[in-house]
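Asker: Questions regarding the structure given below will be posed in turn.
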Amino acid sequence: MAFPFNTNQKKINTPPARNNKFMVKILKISQRNVYILLLFSIIVFITSCAPLTQFTQTSKLIGPSKDSKSSKPKIELFVMSQCPYAVEAEKIIVPVIKELKAKIDFTICFIAEENNKNAQEKFSQPPSEIPGEIEEQGMDQCSGEFISEGGKFKSLHGKSEIDENIRQVVMAKYYPDKYLDYLLLRSDNYATDNWEECATKAWMDCKFISRIAQSEEGEMLFRQNFTRSNELGINASPTLLINGKRYKGQIAQIGINRIICKEGPTNQYCKSIPVCGTDSDCVAEGKVGICIDPDTPQATCKFTDPVHFTLTIIKPKECPACNPDQLVKMIKELFPGAQIEELASDSIKADKLINDLTIKELPALYFDQDITKTARYAKIKDRLSATKTGFLLDPQYIHISYLLDRNEKKGDTKLFVESMSPGAIATENFLIKDRFFKEANIKIHYIASKVNSQSKTEAKILTIKRDRDNPGVLHLRPQQEKVIFKSPKGLKEIQENIRQICINKYYPDQHLDYLSCINKGLGKNEGTIDWRQCLVGEKIDHQKIDSCTNGKEGMNLLLKDIALIEELGISLCPTYLINDKILLKGIDPLSFKRIYAELMEGVNNGGD
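One rule links them: number in the numbering used here = place in the sequence shown (from 1) + 327.
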């Protein structure tokens, strides 16, 4: 049943009082508590059923008016609910807001727009999910063309994001004190549709939220909310405004405290906040600011003039999606003296650089020697590889790469994961539910490392033993040589990696069903589900899988995966390899789907 919003309507929707029965049960201990129970029940009834017609200071979603005269610092966070960087920002900011809610004016605004908008598209740039950062300054963001799926609204990540946005504006209105708790709970599984579990843990009524979210009132609240981002032209998530000014630094808890102190220095707690924590706290017109002794009582800002150097960027003509523009923008912010030179991969100069520097993937970012004279060189030198005439940026900081020394295999898509990694589990669950594993013909490979192996593809296994001094190390002892495998979660993860490889080899049709089942236990880092329970079928030989997992066969299969990741230089989880030519490093599944569609469209249309 729909609930049309009407400003003249006297009856106002109110959230159910979910705590009443719980309180009655606690107080119903003895006869003398009857009067306490009666008084307490009246208080609970009044507070829970009172109309909530305004947002509280902790969770307002409609942006403050431009002429607001509040003396509190205004912090506005603009997000897309399914952007991984927005979720990380919320995980950092929300605890600060909960602690300092009386001292700040906090707002969350969503980035979306009407589906029938006739204005020229503002969001035409490719997504900017970049794994890792060059330095502490700057934040990763989601941006790109909005997706329309036939509804009234559109956003970057489509209908599932719109639905989550609307639910959150409803929560913020009717459960303002619980909404922030929901955000923290939801951050662990933001890419799934299992929002009810998080809402229930935050003591919200899911049926009530769904009913209002699907009504005209829910649409109205959402429309009012994203008007703010449209008015300001904000299209990157997350974007943080402090008293109307864009914050460009990395979002960190102490940094938010520092901002509040700058805007309201009379606050008592400001006495213990250092002057700077990152270079982004040191700003002066025409200067490069460096934070010395960050986040200590001795912290100071040092300012120098920009040093000019040349940054040469070689872009692959064959892969328009392999665009490092967002990364280059971040480098320019770090090094204002950078002079950019762009080369097409088929140019004479680019070809010479590729050969001279033995470049294996594009785009490539090449810094000349003068980068060493800049104030911030020391902070990024570990990300650079020295050559005779300059420095190459480590390719892992470029989120989409075109591999030069591999032959294209159309339709060949690989996913590289660690079996117990939360990011890998979320990725697998999302792609399985979305039926994208089969659509894209994705094959899973496993990330691990080894040392002292007698060969890259073979080892004679006699025993498996955990290293007592290093729980994350698994020793495989052959007849004469010693093989050591490493994985972040240790022995259990190595064994699960191998088990999944064996299942995929002998029972490929069962592989995705097995992942859906076993991930329920692995996702909680408990491993409470017996792997045998996740392989259902009359013809499945559990003994065969067990023998493969704990014997020479499984170890050799894992060694082949390790040889492949070493060849590709993969270190981030998850990583994708499309058509055996294009590497997508450490990106979320929504972004992978979008980039995959763009790349496949280029293939289907004949490319460039």
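In this text, a Cβ means the ideal position worked out from N, Cα and C, and glycines have one as well.
1. What first and last residue would you give for the alpha helix (DSSP H) that runs through Ile905?
2. Using beta-carbon positions only, say whether Ile424 and Leu507 come within less than 8 Å of one another.
3. Using the Cα positions of Arg937 and Arg921, report the straight-line distance between them to the nearest angstrom.
4. Going by CA-CA distance only, name the one from Cys861, Lys572, Tyr502 and Glu524 that's closest to Ile539.
5. Tell me the DSSP bridge mates of Ala665?
6. With distances taken from CA atoms, which of Asn650, Glu491 and Pro647 is nearest Arg513?
7. Can Cys861 and Val744 be called in contact, C-beta distance under 8 Å?
8. Is DSSP giving Ala691 helix, strand or coil here?
9. Quick check: the Cα distance between Asp432 and Leu568, rounded to an integer number of angstroms?
10. Determine the closest residue to Ala940 out of Phe694, Glu523 and Ile821, with distance taken between C-alpha atoms.
11. With a threshold of 16 other CB atoms inside 10 Å of the CB of Ala377, please say whether the residue is buried or exposed.
12. What's the call for Tyr923, buried or exposed, on a 16-neighbour Cβ count within 10 Å?
13. Taking the alpha carbon of Met531 as the point to measure from, which residue in Asp632, Ser556, Asp678 and Met498 has its own alpha carbon closest?
14. Could you please give the first and the last residue of the uninterrupted beta strand (DSSP E) stretch that includes Ile727?
15. To the nearest angstrom, report how far apart Gly664 and Val610 are at their CA atoms.
16. Among Cys829, Asp840, Tyr903 and Ile892, which residue has its Cα nearest to the Cα of Leu917?
17. Nearest CA to the CA of Asp520: which residue from Leu926, Asn756 and Lys770?
18. I'd like the span of the beta strand (DSSP E) that includes Cys609, first residue to last.
19. If you follow the alpha helix (DSSP H) that Gly717 is part of, which residue opens it and which one closes it?
20. Tell me the rounded alpha-carbon separation between Asn570 and Glu688.
21. Can you grab the Cα-Cα spacing for the pair Lys676 / Gly896, in whole Å?
22. Assign Lys741 to one of two classes, buried (16 or more other C-beta atoms within 10 Å of its C-beta) or exposed (fewer than that).
23. Determine the contact status of Pro411 and Asp915, defining contact as a CB-CB distance below 8 Å.
24. Check whether the stretch 880-892 touches the stretch 709-721, taking contact to mean three or more Cβ pairs, one atom from each stretch, closer than 8 Å.
25. Helix or strand or just coil, what does DSSP make of Arg538?
26. Using only the alpha-carbon positions, how far apart do Tyr833 and Pro565 sit?
27. For the beta strand (DSSP E) holding Thr554, just list the boundary residues, first then last.
28. My output table needs one value for His869: the three-state DSSP class, helix, strand or coil.
29. Is the distance from the Cβ of Phe630 to the Cβ of Lys614 below 8 Å?
30. Whole angstroms are fine: how far does the CA of Asp606 sit from the CA of Lys598?
31. Take Glu669 and list the residues in its own chain whose beta-carbon comes closer than 6 Å to its own, dropping the five residues that flank it on each side.
32. Using the three-state DSSP reduction, which class does Tyr574 fall into: helix, strand or coil?
33. Starting from His772, follow the beta strand (DSSP E) in both directions and report where the run begins and ends.
34. Helix, strand or coil for Val406? Go by DSSP, reduced to three states.
35. Buried or exposed: where does Pro827 fall if 16 or more other Cβ atoms within 10 Å of its Cβ makes it buried?
Answerer: Let me lay it out:
1. The residue labelled residue 905 in the question sits at position 578 within the sequence shown. Element bounds for Ile905: not the alpha helix (DSSP H) but the beta strand (DSSP E), Thr902 to Ile905.
2. Counting from one through the sequence shown, the residue named residue 424 turns up at place 97. Counting from one through the sequence shown, the residue named residue 507 turns up at place 180. Yes; because the gap between Cβ atoms is below 8 Å, this pair is in contact.
3. Missing from the structure shown is residue 937; the chain here goes from 328 to 935 and no further.
4. As a working note, residue 539 is residue 212 in the sequence shown. Looking at the Cα atoms, Tyr502 is the closest of the given residues.
5. Taking the sequence shown and counting its residues from 1, one reaches residue 665 at position 338. Answer is Phe636.
6. Reading the sequence shown from its first residue, position 186 is the one you call residue 513. Arg513 has its Cα closest to that of Glu491, out of Asn650, Glu491 and Pro647.
7. As a first step, residue 861 must be located in the sequence shown, where it is residue number 534. As a first step, residue 744 must be located in the sequence shown, where it is residue number 417. Against a cut-off of 8 Å, the Cβ pair of Val744 and Cys861 comes out as no contact.
8. For the purposes of this step, residue 691 is taken as residue 364 along the sequence shown, with counting starting at 1. Assigned with DSSP and collapsed to three states, Ala691 falls in strand.
9. Taking the first residue of the sequence shown as position 1, residue 432 is located at position 105. Taking the first residue of the sequence shown as position 1, residue 568 is located at position 241. The C-alpha of Asp432 lies about 12 Å from the C-alpha of Leu568.
10. Outside the displayed span of the chain (328 to 935) sits residue 940, for which this structure offers no information.
11. For the purposes of this step, residue 377 is taken as the residue at position 50 of the sequence shown. With a pLDDT of 29 at Ala377, under the threshold of 50, the modelled position of that residue is not reliable, and the figure given next carries that caveat. The residue is exposed, with fewer than 16 neighbouring Cβ atoms inside 10 Å.
12. Indexing the sequence shown from 1 puts residue 923 at position 596. Tyr923 is buried by the Cβ-count criterion.
13. The residue given as residue 531 occupies position 204 in the sequence shown. Nearest in C-alpha terms to Met531, of all of Asp632, Ser556, Asp678 and Met498, is Met498.
14. Counting from 1 along the sequence shown, the entry for residue 727 is found at position 400. From DSSP, the beta strand (DSSP E) with Ile727 extends over Ile727 to Leu730.
15. The residue given as residue 664 occupies position 337 in the sequence shown. The residue given as residue 610 occupies position 283 in the sequence shown. Their Cα atoms are separated by approximately 15 Å.
16. In the sequence shown, the residue the question calls residue 917 occupies position 590. Minimum Cα distance to Leu917 is reached at Tyr903.
17. Residue mapping note: residue 520 aligns to position 193 of the sequence shown, counting from 1. Closest by alpha carbon: Asn756.
18. As a position in the sequence shown, residue 609 is number 282, starting the count at 1. Taken as a continuous stretch (DSSP letters only), Cys609 belongs to no beta strand (DSSP E), as it is neither H nor E.
19. Taking the sequence shown and counting its residues from 1, one reaches residue 717 at position 390. It is not in any alpha helix (DSSP H) - Gly717 instead sits in the beta strand (DSSP E) that spans Gly717 to Leu720.
20. Locating residue 570 in the sequence shown gives position 243, counting from the first residue. Locating residue 688 in the sequence shown gives position 361, counting from the first residue. Cα to Cα, the separation comes out at about 43 Å.
21. Residue numbering aside, residue 676 sits at position 349 when the sequence shown is read from its first letter. Residue numbering aside, residue 896 sits at position 569 when the sequence shown is read from its first letter. Their backbone Cα atoms lie some 26 Å apart in a straight line.
22. In the sequence shown, residue 741 corresponds to position 414, counting from 1. Lys741 should be labelled buried.
23. As a working note, residue 411 is residue 84 in the sequence shown. As a working note, residue 915 is residue 588 in the sequence shown. It is a contact, given that the beta carbons lie within the stated cut-off.
24. No, they do not touch.
25. Within the sequence shown, numbered from 1, the residue matching residue 538 stands at position 211. In the structure shown, Arg538 sits in a helix (DSSP, three-state: H, G or I).
26. As a working mapping, residue 833 is identified with position 506 in the sequence shown. As a working mapping, residue 565 is identified with position 238 in the sequence shown. Taking the straight line joining both Cα atoms gives about 44 Å.
27. The residue labelled residue 554 in the question sits at position 227 within the sequence shown. Premise fails: Thr554 lies in the alpha helix (DSSP H), Glu543 to Leu559, not in any beta strand (DSSP E).
28. Here residue 869 corresponds to residue number 542 of the sequence shown, with the count starting at 1. Helix at His869.
29. Numbered from its first residue, the sequence shown carries residue 630 at position 303. Numbered from its first residue, the sequence shown carries residue 614 at position 287. A contact, by the Cβ cut-off of 8 Å.
30. Translated into positions along the sequence shown, residue 598 becomes position 271. Translated into positions along the sequence shown, residue 606 becomes position 279. C-alpha separation (whole angstroms): 20 Å.
31. Within the sequence shown, the letter at position 342 stands for residue 669. Only Ile640 meet the Cβ criterion.
32. For this step, residue 574 is matched to residue 247 along the sequence shown. Tyr574: strand per DSSP, three-state reduction.
33. Counting from one through the sequence shown, the residue named residue 772 turns up at place 445. Ile769 to Tyr773 is the extent of the beta strand (DSSP E) around His772.
34. Looking up residue 406 in the sequence shown gives position 79. Three-state DSSP puts Val406 in a strand.
35. The residue given as residue 827 occupies position 500 in the sequence shown. Reading off the sequence, residue 827 comes out as Gln, not Pro. It is buried - the Cβ of Gln827 has at least 16 other Cβ atoms within 10 Å.
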